[in-house]
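In what follows, a single structure is set out as structure tokens and then discussed.
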Amino acid sequence: MISVASAPAKVILFGEHFIVYGGKAILCAIDKRITVESELVDSATIKIESDLGTVTISKNESIKNVDSKFRPVFFIAQKILQQSNLGIRISIKSEIPSGVGLGSSSACCVAAARSISGLFKKTSKEEILKLALEAEKTVFENASGADTTSCTYGGIMEYTKNGTKNIDVIPNFYLVIANSKIIHSTSDVVLRVKQFKETHAEEFSLLCINEASLIEEAINSLNRNDLKKLGEKMLVNQTYLHKIGVSNESLDAMIDSAKSVSYGAKITGAGDGGCIVALVDDSNLRATLDALSKYECFSTKIDSIGVKEITP
Ligand code: PMV
Numbered sequence: 012m013i014s015v016a017s018a019p020a021k022v023i024l025f026g027e028h029f030i031v032y033g034g035k036a037i038l039c040a041i042d043k044r045i046t047v048e049s050e051l052v053d054s055a056t057i058k059i060e061s062d063l064g065t066v067t068i069s070k071n072e073s074i075k076n077v078d079s080k081f082r083p084v085f086f087i088a089q090k091i092l093q094q095s096n097l098g099i100r101i102s103i104k105s106e107i108p109s110g111v112g113l114g115s116s117s118a119c120c121v122a123a124a125r126s127i128s129g130l131f132k133k134t135s136k137e138e139i140l141k142l143a144l145e146a147e148k149t150v151f152e153n154a155s156g157a158d159t160t161s162c163t164y165g166g167i168m169e170y171t172k173n174g175t176k177n178i179d180v181i182p183n184f185y186l187v188i189a190n191s192k193i194i195h196s197t198s199d200v201v202l203r204v205k206q207f208k209e210t211h212a213e214e215f216s217l218l219c220i221n222e223a224s225l226i227e228e229a230i231n232s233l234n235r236n237d238l239k240k241l242g243e244k245m246l247v248n249q250t251y252l253h254k255i256g257v258s259n260e261s262l263d264a265m266i267d268s269a270k271s272v273s274y275g276a277k278i279t280g281a282g283d284g285g286c287i288v289a290l291v292d293d294s295n296l297r298a299t300l301d302a303l304s305k306y307e308c309f310s311t312k313i314d315s316i317g318v319k320e321i322t323p
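Each residue of the sequence shown is one higher than the one before, counting from 12 in the working numbering.
Okay, here's the thing in structure tokens:
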């Protein structure tokens with residue numbers, strides 16, 4: 012039997028970094044997916060094939076000896092296979108660029124949790140999320156669960172450290188994503204922002220207040236499908252991100268190219284590299300892709316499904 016599942020990537024539309032200090036973020040799942048296929052095999056091994064390489068590991072191997080690239084998926088397989096004498100072959104195919112803030116590792120954990128558990132039983136999204144987050148924490152101990160939640164449920168959501176709330180709109184927009192191809196380290200950038208907060212305490216606390224009201228206005232604009240206003244707020248959010256030092260010349264240049272034609276653009280994720288996101292509809296989609304054509308860029312729609320099983 013073969014079990015196949017896929018999960019979407021995500022972008023942060025508002026609130027990165029400020030969420031670390033108790034703010035709210037707005038997350039969108041997007042229609043770029045990672046697909047995981049799994050099949051039970053007659054040997055006591057866990058084989059993982061992906062763009063990152065292929066490994067075959069004894070199913071009883073200690074998790075700490077597994078290369079971090081494969082560790083979360085190995086963790087899920089090992090945990091589920093406790094109930095079985097068999098081994099497993101897992102194949103991962105991704106449309107999501109990795110290491111640039113689009114949630115590829117979370118999407119992989121979510122799709123793997125669904126695919127592998129699907130070999131044995133039907134599992135709820137809540138259980139998938141729990142297992143995927145546990146797996147992600149084998150490599151990112153402090154993972155907040157924001158990405159895994161977005162990849163599991165899809166749609167647009169408000170996210171705080173205390174939980175999520177769906178923003179129930181039928182989106183009338185696309186998001187154009189451009190990749191700087193500069194790999195960033197989220198933990199390094201988060202640390203730098205912490206230092207900024209310590210050295211500029213008053214300015215940072217004012218920015219947190221401004222970001223919080225900006226996000227409430229953005230939710231309002233989203234609910235009214237007012238793209239002009241929503242785009243303006245993305246540009247304001249970008250000025251805050253600039254102030255806390257997570258933008259750089261390359262990202263600024265990308266945002267400049269996008270902002271004259273789209274409704275608005277900003278960094279998405281930790282910054283320092285990674286991707287920018289621009290808000291568009293049918294009227295300015297082509298022009299925005301053209302304006303960003305010297306970068307790797309693509310248009311996406313909101314994914315409203317989240318993780319799903321695929322009939323092989
Ligand atoms: O680039 P990403 O997707 O890893 O974004 C991280 C978002 C931060 O707010 C910077 C950190 C966090 O844990 O929320």
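Backbone N, C-alpha and C define an ideal beta-carbon position, used for all residues, glycine too.
Less than 8 Å separating the beta-carbons of residue i and residue j?
i, j, result
"Gly34", "Ala154", "no"
"Val318", "Thr299", "no"
"Val84", "Ala123", "yes"
"Val121", "Thr279", "no"
"Ser115", "Ser109", "yes"
"Cys308", "Ile139", "no"
"Lys239", "Leu225", "no"
"Lys104", "Thr46", "yes"
"Leu127", "Ile87", "Note on residue identity: the sequence assigns Ile, not Leu, to residue 127. Result yes, Cβ atoms of Ile127 and Ile87 sit closer than 8 Å."
"Arg82", "Thr134", "no"
"Tyr386", "Asp292", "No information on residue 386 is available, as it lies outside the stretch 12 to 323 that the chain covers here."
"Ser102", "Glu60", "yes"
"Ser17", "Ile220", "no"
"Glu145", "Arg44", "no"
"Val77", "Glu48", "no"
"Leu63", "Lys80", "yes"
"Gln89", "Ile57", "yes"
Hey, would you say the C-beta of residue i is under 7 Å away from at least one heavy atom of the ligand PLP?
i, result
"Leu202", "This structure does not include the ligand PLP; its bound ligands are the ligand PMV."
Between the Cα of residue i and those of the options, spot the shortest distance and give me the residue it belongs to.
i, options, result
"Phe25", "Gly275, Ile316 and Arg297", "Gly275"
"Ile287", "Lys208, Leu252, Ile316 and Ser294", "Leu252"
"Asn71", "Ile91, Gly129 and Cys219", "Ile91"
"Leu218", "Asn248, Gln206 and Lys312", "Asn248"
"Val31", "Lys172, Leu113 and Asp62", "Lys172"
"Lys141", "Gly129, Leu130, Lys132 and Arg125", "Arg125"
"Leu130", "Arg297, Val52, Glu27 and Ile193", "Val52"
"Lys254", "His195, Gln206 and Ile193", "Gln206"
"Leu113", "Ile194, Phe29, Pro323 and Asp267", "Ile194"
"Asn96", "Ser73, Ser69 and Ser294", "Ser69"
"Ser198", "Phe151, Gly174 and Asn234", "Phe151"
"Glu27", "Thr250, Pro323, Ser310 and Ser294", "Thr250"
If you drop the 5 nearest sequence neighbours on each side, which residues of the same chain put their C-beta closer than 7 Å to that of residue i?
i, result
"Arg203", "Gly256"
"Ser54", "Gly98"
"Val200", "Val257, Ala281, Gly282 and Asp283"
"Asp314", "Pro19, Ala40, Ile41, Asp42 and Gly165"
"Ile316", "Gly165"
"Phe29", "Cys219 and Glu222"
Can you name, in chain order, every residue of its own chain whose Cβ lies under 6 Å from the Cβ of residue i, other than the five neighbours on each side?
i, result
"Glu50", "Ile13 and Arg100"
"Gln94", "none"
"Phe215", "Lys208"
"Ser236", "The sequence as given places Asn at residue 236; Ser does not occur at that position. Only Asn183 meet the Cβ criterion."
"Leu246", "Gly275"
"Gly242", "Tyr274, Gly275 and Leu290"
"Ala143", "Cys120, Val121, Ala124 and Thr159"
"Pro367", "The shown model of the chain, from 12 to 323, leaves out residue 367, and the question about it has no answer."
Leaving out five residues on either side along the sequence, give the residues of the same chain with a beta carbon under 8 Å from the beta carbon of residue i.
i, result
"Ala269", "Val187, Ala189, Ala276, Ile287, Ala289, Thr299, Ala302 and Leu303"
"Ser191", "Val111, Ser261, Leu262, Met265, Gly284, Gly285, Cys286, Ile287 and Tyr306"
"Lys132", "none"
"Leu296", "Tyr185, Val187 and Ser310"
"Cys136", "The identity of residue 136 in the sequence shown is Lys, whereas the question assumes Cys. Excluding positions up to five away in sequence, the list reads Thr163, Tyr164, Gly317 and Val318."
"Asn234", "Ile178 and Val180"
Would you say residue i reaches chain C, if we count a Cβ-Cβ gap shorter than 8 Å as a contact?
i, result
"Tyr251", "Of the protein chains in this structure there is only one, and it is not chain C."
Shell residues, 5 Å Cβ cut-off relative to heavy atoms of the ligand PMV: Glu27, His28, Ile30, Gly112, Ser155, Thr197, Gly280 and Ala281
contact_flag[the stretch 223-240, the stretch 178-190] where n(CB pairs < 8 Å) is 3 or more: yes
Inter-stretch contact at 8 Å, needing at least 3 Cβ pairs: the stretch 155-162 / the stretch 207-221: no
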